[in-house]
Structures are given as C-alpha cells and as structure tokens.
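Protein sequences, first through last, are from chains A and B. Take the first sequence: its letters are residues 1 to 280, numbered as in the numbering used here. Take the second sequence: its letters are residues 1 to 316, numbered as in the numbering used here. Only one structure is covered here, and it is reproduced in the block below.
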Amino acid sequence: MSGTWGFTRGLLKNPLGALSLILTLLIVIGGLFAPLIAPYDPLQQDILARLSGPTAQHWLGTDQFGRDVLSRILHGIRASLSVAGLSVIIALLIGGFLGVSAAYYGSLYDRLVMRVMDVFLAFPIILLAIGIIAMLGPNQSNTAIAIGIVYIPIFARLVRGPALVLRESEYVHAAQALGASTMRIINRHLLPNLTSVILVQSTLSLSTAILVEASLSFLGLGTQPPTPSLGLMLSEGRAYLTLSPWTSVFSGLAILVASLGFNLLGDVLRDALDPRLRGR
Amino acid sequence: MFAYTVRRLLDLVLVMFGVSVLVFLMIRLIPGDAVQIMLGANTEITPDRLEALREKLGLNKSLPLQYWDWLAGVARGDLGQSVWTGAPIRGEILARLPLTLELTALSLVLGVLLSIPVGILTAYWRNSTGEYVVRLVAIAGVTVPSFWLGTLFIYLSFKLWPGFPAIGYVPLAEDPTGHFSRLLFPILSLSLPLLAGLSRLLRSTLLDILNQDYIRTARAKGLAERVVMYKHALRNALIPLVTVIGIQAGYLFGGAIVVEQVFALPGMGRLIVGAINERNYPLVQGTILLVTAGFVFINLLVDLAYAYLDPRVEYA
C-alpha cells in the first residue's frame, strides 16, 4: 500500500494532479452519498418556491416544480456515475477479453475479432449508441449497455497491441515452456503488465461516458423522468431559461466538472505511468 | 500508392458489409416482437395489421433473403418507407441532412483554422505556468458539453442583445444573413471544444518538432523564426492534425445532432429522435446506415491524404 500512497503523493505535487484528485473525489463522494448529503428529497416539490435563484434554503435554486436543484444535481451525478461506471466495466471486461484473446491466439481468430471491432468503430459514437437504445428502449440500464458496447472496440484495440508484444516476450515463452496453462499466462503474465494502460483508458472513458450519457439524456433517450439526470435537467431547464437559468446552468456545470475531473485524472495518470508520453 | 489505395478500398468494402449486416439486424434483434412494438406506438394492434406490417417489412421471408432484398434496395437508393407516413425514407433524410452537414462542416473548418494560430502561439509559451494553463484549458474545452455551451450562448445573447435571432432556422436561399446568424451560436458551441483538442495536439507536435536537429540547423543558418515555423515546423506538424480530422468529423456530427435540439434546428437530430419516439425503425436504420457510410468514406479519404502527405507511411 505504501506504493499507492507514494504514487498519490506524487500526483498531489503536480497542481493539475491535485486538482484532478479533488474534483474526482468531490464528484464520487457527492454521487455515492447523494441520499445522505442532499438537503432535500430530489422529487419533493415546493410549488410556491418554484424557479427561485440561489437562496439560503436552496443553494443552487429550484426548478419549475420547486424541486431543489442541488439535491437533484447530487442524485443526477449518482445516476450519471452509475451509468458511466457500468458502461466502462462492460467495455473493459468484454473488450479486454476480446483484445487479449485475439493477441494470444492470433491467426484467423485474431483477424476475425479485430475486423468485427473495425465494423463497430466505423459508426459515429453517438449514432451507434442511439441505434442500440432504439432497439432496447430508452432507460438508464440500456444507456449503460449501449455506451458499453460502443466502447468495447476501444478497449479491445488498446490491450491487443501491448498483449501482442508481451506474448512474444521471453518470460512468456519461458512460462509456456514450463507448461503454464493459457489462463495462468494471461492472468499472471499478461494482465498485470496491462494494468497501467487499462487504468488510464478506463479513467478517460469514464469522462467521455459521462458526456455521452448526458447527451443521450438531453435528447430524452437516456434516464427517464422523474429520476434526476443531469442531461435531462439541462434540457428541461431550457424552457425557463430567460426566467431562471439556474437549473440549466448548474446541471451543465456539474456535467463539465464530472467529466473534467476524470479526464484530468486520466491525463495526469498517463503522464505518471508512461513517461514516454509526458507532456502530450 | 496505387496498391495501398486498392487495399484500403477492399477494407472499406469489408467494413461496409459488416456495417450493413449490423444495421440490417437492428430490427430483427429487437427483444420481443418488433412489429408489435412498432404498431403499439401508434395504433391498436390487430392480427390483420400485424400481418400487413410484417408483409410490408418483408419479415415473413428467411433472414438471408431479407438481407438480400434490403441490400438490393439500398443499392438502388431505396432505404424503405417510413412506417407511418409511407413516404420514402430517402426523401425524409435528404431533406434534413444538408443542414446537419453544413453545421458539421462549418464547425470543423472553423475549429481547424483557429487551432493553427492558437497551437503556434501556445507552443512558444513553454514555461511551467503555460504548460499547466494550456493543459487545463484544453481538457476543460474537450469535456465541456456543447449543448450546455449552446444553452449559455442563448442565455447570454438574450441578456446582452435581446434582438439577436439565437434560435430557429431560416433557409439559406430565403435570407443568407438570417441563415448564418442563426447558425453562429451552434457553430461556436461545436467548434470551441474542437479547437481546444486540436490546438493542444498541434502544440505538442510542434514542441516535438521544434526540438529536432533540422530545426536547429535551420535556425543556425540564420533563417527568420517565421520561416522556421511556417516552412519547416508547421508543415510537418499539420500531418497528425489531418489524421484526426476524420474521427473528429464523426464526433462533430454526433454533437451536431444534440446541438440542433438546443437551437431548434430542423436537422438529423430532430428526425432521428422523432423516429425513435415513434418506433419508426426503418427510418432509424436508414439514417444510421447512410451517415455511417459517409464517415467510412471520409475516413478513407483522410487515410489516403495522410499517405500522400507523409511519404514515410508504408503502403504495404
């Protein structure tokens, strides 16, 4: 664990690393403990206090039904983190498996898998996600599945390259010669060497998945009302923009902060874990 | 170069075959009875109507035969008919596509053009403050939701200049000034995030290049810094920029679909969201197929341009 602590201290010395850690911690704690921290029930209406700006009672104001914007944003972050997190897990497990197995087994299987990945990569991201949601029906878990499927080829390609190099490395040949099973080679010798690329890509993917989820919710194709969702709040707030811009402004800001935090973190991690890419 | 072009064309055919199969399977893979879901969205379900729609969509035949019929139609430019209006899908898409393409293309051009001066200027700002500020601003720019940016633009223009037509659409032929003033904010919302990403890429490429020996030689022989930058450094630094343009165009198109909704623009965004809400699957299918084909083609052009611009690329 001292290695992890030393690593974190190193990140904190870099101003951007410190900022990224603070932002992601804020977002993760806010989302995780939303039901505990939120000052109000996100669905509780106070019609007399509707569309108010920031006040002592409602720090970020209220929406068109008088619901507390801060509480809805915290619950929205929770929804957006769970969709983004689930989609990255789906992409990582399936994409990682496909990439490593393609590299390990090679030949026809490799070519077939990577061809199929190319086909998925040919679609513009949002359009493929929209197509999958059109099939499955719009709701929160289908959004996670759709984004997960869209990200599978990214992870498959990401791990295939380094896995190909590792497969030909002397210690893998040595392990094979000693009679190690395929599973053991993949688990013990390939995966541990891939953790840093996977960690960086997962963090960056969380950042973009938050944006894609928000876009889909904004279009009405993601999380469905009345569940609080950042994209949906931004969209609904637009009808009252001239009267009270707070709902739209703060929900959009929350999307930005969440996505920015993870993206910065991924960027700083990449620098720390792969010195060759420093300053890119 | 010729062999490379042929090889890339073969790749394209393979990828498009895969894309067409996936898009074709879309309706067929819908959990439950797609026909029932489609009908249920608008009318009462009766066995007769179910059978009629099934017949109309050709769902009674075997799967490979269905695919063949569909593909043959697509090859003739027939993407099928809208389930509800019976109008040809091709017409509906072609009526909406130009606006979205215009939005995407103008945003791409603006983003690329602006990224060159910004990339060059920031490449000269090399102390640690510059390093941090450029990174933070670039990453913030990449992660800012364009539909939020658009919403902010609408609010600000309402406060600062209430008469400005921030929302809505006017055809180009009717009123060119009104047309472009209504596209100003959508284009800015899409191109600012692009500018952030591209100028960071250009800056980091420039920094690598400015450290190379041939740049030192150019400076040592007394060339003006302007000549070193534009003739020696920038030209090479633009090559990586070209390679990401194909991918960026795809992102921008997706962004445009969302941003159109912010500004009430009648483009592909409204069409596809409407189609999903009405369960008009053939329309969703046609849109995805057509747009994806467009981007596969753009990426082919980008690859060929890249191979042409950078002689180091192996054609093998």
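For each residue, glycine too, the CB sits at the ideal point set by N, CA and C. Keep in mind it's a predicted model, so treat the numbers as computed, not measured.
Using CA atoms only, rank isn't needed, just tell me which of the options is closest to residue i.
{"i": "A:Glu236", "options": "A:Leu190, A:Ala18, A:Asp63, A:Gly17", "result": "A:Asp63"}
{"i": "B:Val23", "options": "B:Gly269, B:Leu201, B:Tyr308, B:Thr292", "result": "B:Thr292"}
{"i": "A:Leu74", "options": "A:Val257, A:Leu164, A:Ala239", "result": "A:Val257"}
{"i": "B:Asp78", "options": "B:Thr85, B:Trp70, B:Ser146", "result": "B:Trp70"}
{"i": "B:Leu184", "options": "B:Arg90, B:Met1, B:Thr104", "result": "B:Thr104"}
{"i": "B:Ile37", "options": "B:Pro311, B:Thr122, B:Leu304, B:Tyr281", "result": "B:Tyr281"}
{"i": "B:Thr5", "options": "B:Ala173, B:Leu238, B:Asp303", "result": "B:Asp303"}
{"i": "A:Thr55", "options": "A:Ala254, A:Asp68, A:Ile29, A:Asn263", "result": "A:Asp68"}
{"i": "A:Val186", "options": "A:Tyr104, A:Ala49, A:Ile125", "result": "It is worth fixing the name first, because residue 186 of chain A is Ile in this sequence and not Val. Of the candidates A:Tyr104, A:Ala49, A:Ile125, the one whose C-alpha sits nearest the C-alpha of A:Ile186 is A:Tyr104."}
{"i": "B:Lys159", "options": "A:Thr4, A:Leu21, A:Val28, A:Ser244", "result": "A:Ser244"}
{"i": "A:Val165", "options": "A:His189, A:Val28, A:Phe7, A:Ile37", "result": "A:His189"}
{"i": "A:Phe33", "options": "A:Leu60, A:Pro15, A:Leu81", "result": "A:Leu81"}
Just the chain A side, please: which residues come within less than 7 Å of residue i by C-beta, in chain order?
{"i": "B:Tyr155", "result": "Leu241, Pro245"}
{"i": "B:Leu22", "result": "Val119"}
{"i": "B:Ile257", "result": "Ile126"}
{"i": "B:Ile327", "result": "Here chain B has residues from 1 to 316 only, and residue 327 of chain B is not among them."}
Please classify residue i: does DSSP put it in a helix, a strand, or coil?
{"i": "A:Gln176", "result": "helix"}
{"i": "B:Ile298", "result": "helix"}
{"i": "A:Asp68", "result": "strand"}
{"i": "B:Gln81", "result": "strand"}
{"i": "A:Thr227", "result": "coil"}
{"i": "A:Thr247", "result": "helix"}
{"i": "B:Pro47", "result": "helix"}
{"i": "A:Thr242", "result": "coil"}
{"i": "B:Pro88", "result": "strand"}
{"i": "B:Leu143", "result": "The amino acid at residue 143 of chain B is misidentified as Leu; the sequence shows Thr. Three-state DSSP puts B:Thr143 in a helix."}
{"i": "B:Thr5", "result": "helix"}
{"i": "B:Thr104", "result": "helix"}
{"i": "A:Thr62", "result": "strand"}
{"i": "B:Lys56", "result": "helix"}
{"i": "A:Met1", "result": "The predicted position of A:Met1 is uncertain, since its pLDDT is 45 and thus under 50; a value taken from the coordinates is nonetheless stated next. Looking at A:Met1 - three-state DSSP - the assignment turns out to be coil, as it is neither helix nor strand."}
{"i": "B:Met16", "result": "helix"}
{"i": "A:Phe33", "result": "coil"}
{"i": "A:Gly220", "result": "coil"}
{"i": "A:Asp267", "result": "helix"}
{"i": "A:Asn14", "result": "coil"}
Just to make sure I have the definition right: I need the residues of chain B whose C-beta is within less than 7 Å of the C-beta of residue i. Which are they?
{"i": "A:Met135", "result": "Met26, Leu29, Ile30"}
{"i": "A:Leu264", "result": "Ile139"}
{"i": "A:Ala214", "result": "Pro145"}
{"i": "A:Ser248", "result": "Thr151"}
{"i": "A:Leu282", "result": "The structure shown has nothing for residue 282 of chain A, since chain A only spans 1 to 280."}
{"i": "A:Ser207", "result": "Thr143"}
{"i": "A:Gly252", "result": "Pro145, Trp148, Thr151"}
Quick one: list the residues of chain B neighbouring residue i, beta-carbon separation under 8 Å, in chain order.
{"i": "A:Gly61", "result": "Under the 8 Å cutoff, chain B gives no residues; its nearest Cβ is about 14 Å from A:Gly61."}
{"i": "A:Asp267", "result": "Arg135, Ile139"}
{"i": "A:Ile255", "result": "Pro145, Trp148"}
Under 8 Å between beta-carbons, which chain A residues line up against residue i? List them in chain order, please.
{"i": "B:Ile276", "result": "Ile130, Ile133, Ala134, Pro138, Leu221"}
{"i": "B:Gln66", "result": "Ordered by position in chain A, no residue passes the 8 Å Cβ test against B:Gln66, which lies about 17 Å from the chain."}
{"i": "B:Val19", "result": "Val119, Ala122, Phe123"}
{"i": "B:Ile288", "result": "Phe123, Leu127, Leu128, Ile130, Gly131"}
{"i": "B:Val284", "result": "Ile130, Gly131, Ala134"}
Can you name the residues of chain A whose CB is closer than 9 Å to the CB of residue i?
{"i": "B:Phe253", "result": "Pro124, Ile126, Leu127"}
{"i": "B:Leu14", "result": "Arg115, Asp118, Val119"}
{"i": "B:Thr292", "result": "Ala122, Phe123, Pro124, Leu127, Leu128"}
Does residue i come within less than 9 Å of chain B when only Cβ atoms are used?
{"i": "A:Phe97", "result": "no"}
{"i": "A:Ser229", "result": "no"}
{"i": "A:Phe218", "result": "yes"}
{"i": "A:Leu211", "result": "yes"}
{"i": "A:Leu190", "result": "no"}
{"i": "A:Leu19", "result": "yes"}
{"i": "A:Leu234", "result": "yes"}
Is there a Cβ of chain C sitting closer than 9 Å to that of residue i, yes or no?
{"i": "B:Gly250", "result": "You won't find chain C in this structure, because its protein chains are A and B."}
Are the C-beta atoms of residue i and some chain A residue less than 9 Å apart?
{"i": "B:Thr177", "result": "no"}
{"i": "B:Ala316", "result": "Here B:Ala316 scores only 45 on pLDDT, less than 50, and its place in the model is too uncertain to base an answer on."}
{"i": "B:Val302", "result": "no"}
{"i": "B:Val296", "result": "yes"}
{"i": "B:Asn211", "result": "no"}
{"i": "B:Gln36", "result": "no"}
{"i": "B:Gly269", "result": "yes"}
{"i": "B:Asn299", "result": "yes"}
{"i": "B:Val262", "result": "yes"}
task = Identify each residue in the region 145 to 174 of chain A for which the Cβ-Cβ distance to at least one residue of chain B is less than 7 Å, and report them in chain order.
result = none
query = Listed in chain order, which residues of the region 100 to 130 of chain A have Cβ atoms closer than 9 Å to some Cβ of chain B?
reply = Arg115, Val116, Asp118, Val119, Phe120, Leu121, Ala122, Phe123, Pro124, Ile125, Ile126, Leu127, Leu128, Ala129, Ile130
message = Beta carbons nearer than 9 Å to chain A: which residues of the region 142 to 170 of chain B have them?
response = Val142, Thr143, Val144, Pro145, Ser146, Phe147, Trp148, Leu149, Thr151, Leu152, Ile154, Tyr155, Phe158, Lys159
message = Along the region 4 to 17 of chain A, where does the CB come closer than 8 Å to a CB of chain B? Name the residues.
response = Pro15, Leu16
inquiry  = Against chain B, which members of the region 72 to 92 of chain A pass a CB distance test of less than 8 Å?
reply    = none
ask   = Residues in the region 67 to 91 of chain B with C-beta within 9 Å of chain A's C-beta atoms, listed in sequence order?
value = none
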